[in-house]
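K.L.:
Residue numbers (my numbering): 138 to 212.
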Amino acid sequence: MKCHICKKAEGEIPINDDKGNEFLICEDCDNDLFDAYTLAKKLTREINIQIRHQRNENNIPAVSSLKHIRSLLLK
């Protein structure tokens, strides 16, 4: 069975989506997904630090913008 993401390589690794459907993906796509997820978590952590800092400085527009960016990261 072909990889669900790239449609080129043979899918070997089972993954589940948000709805519980199971798909097979290749190792390269699995590495890409892991890297993107790891990056999103690191960015979220840094954004949370900046939100705390900007809140202490009473910079409300920056806090609102950072919260919006954070909400887009892990959708």
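From the three backbone atoms N, C-alpha and C, an ideal C-beta is built for every residue, glycine too.
(1) Helix, strand or coil for I142 per DSSP?
(2) Confirm, please, whether the CB-CB distance from I150 to E234 is below 8 Å.
(3) So, helix, strand or coil for N195, using DSSP?
(4) Look at C166 and I142 and say whether their C-beta atoms are less than 8 Å apart.
(5) Would you grab the beta carbon distance between I188 and L203 for me? Rounded to a whole angstrom, and I think it's under 8 Å.
P.N.:
To lay it out plainly:
(1) coil
(2) The chain is shown only over 138 to 212; residue 234 falls outside these bounds and no answer can be derived.
(3) coil
(4) yes
(5) 5 Å
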